[in-house]
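Student:
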Amino acid sequence: MRYTAKRKYPITEMKKKNPQDSGERIIDISVGTAAGLLAVVFFKGLFWGYIIRKCID
């Protein structure tokens with residue numbers, strides 16, 4: 060039986076139940092979310108670069 064209480068690899072179950080308190084934060088996001096976030100940051104940089112350059116000139 061594949062889905063019994065006795066698992067073949069119990070370490071992954073233990074990691075899910077007891078997360079480590081190492082102080083590291085891990086965020087699981089999809090590729091689409093990562094690409095969207097990258098695009099937002101990129102265009103915000105373009106916008107602020109344009110505003111700063113326009114104010115200096």
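This note's numbering puts the first residue of the sequence shown at 60, with every later residue one more than the last. Yeah, the Cβ is synthetic: ideal placement off N, Cα and C, and Gly gets one too. Keep in mind that this is a model prediction, so the values were computed, not measured.
In the structure shown, what three-state DSSP assignment does residue 99 receive?
Tutor: Three-state DSSP puts residue 99 in a helix.
Student: Where residue 110 and residue 103 are concerned, what is the direct C-alpha to C-alpha distance, given to the nearest angstrom?
Tutor: Those two C-alpha atoms are separated by around 11 Å.
Student: Roughly how many whole angstroms lie between the Cα atoms of residue 114 and residue 107?
Tutor: The alpha-carbon atoms of residue 114 and residue 107 are separated by roughly 10 Å.
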